[in-house]
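Per my numbering, the sequence shown starts with residue 92, numbered consecutively.
In this text, a Cβ means the ideal position worked out from N, Cα and C, and glycines have one as well.
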Amino acid sequence: MDHRLRFSQISLALRILGGSADMGLMNEDDRRTLASWSPLGASIDPDNPDGLRRWAAALLTEAIMDLELKTL
C-alpha cells in the first residue's frame, strides 16, 4: 500500500474520531480518502456519523494490526 494514502486514511480517521471532521465539512480529498478503503467492500455514507466512526475505528484497527505484524 502507498504510505501516503495510508497516512491520509489514518489522519482522516483520527480527525473523524476526534470530532474535527464534520460530515458537512468534508472536502473532496477527504471523500476520496474515505472511498479509498472500506471494510468488507461496504460503501460508506459520509453524511452518516455512526458509519464514519465505524469506518475510522475499523481502519485504525487494521493499521495497528498491520504494524504489529511488521514488528514481529
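Backbone secondary structure at residue i - three-state DSSP
i, result
"proline 137", "coil"
"serine 99", "helix"
"methionine 117", "coil"
"alanine 146", "Looking at the sequence provided, one finds tryptophan at residue 146 rather than alanine. Three-state result, tryptophan 146: helix."
"aspartate 93", "coil"
"glycine 109", "helix"
Check whether residue i and residue j have beta carbons under 8 Å apart
i, j, result
"leucine 143", "aspartate 121", "no"
"leucine 108", "alanine 147", "yes"
Cβ-based neighbour list, residue i, same chain, cut-off 8 Å, excluding 5 preceding and 5 following
i, result
"proline 137", "Met114, Met117, Asp121, Arg122, Leu125, Leu143"
"leucine 151", "Ile101, Ala104, Leu105, Leu108"
Nonlocal neighbours in the same chain, by C-beta distance under 6 Å from residue i, ignoring five residues either side
i, result
"alanine 154", "Ile101"
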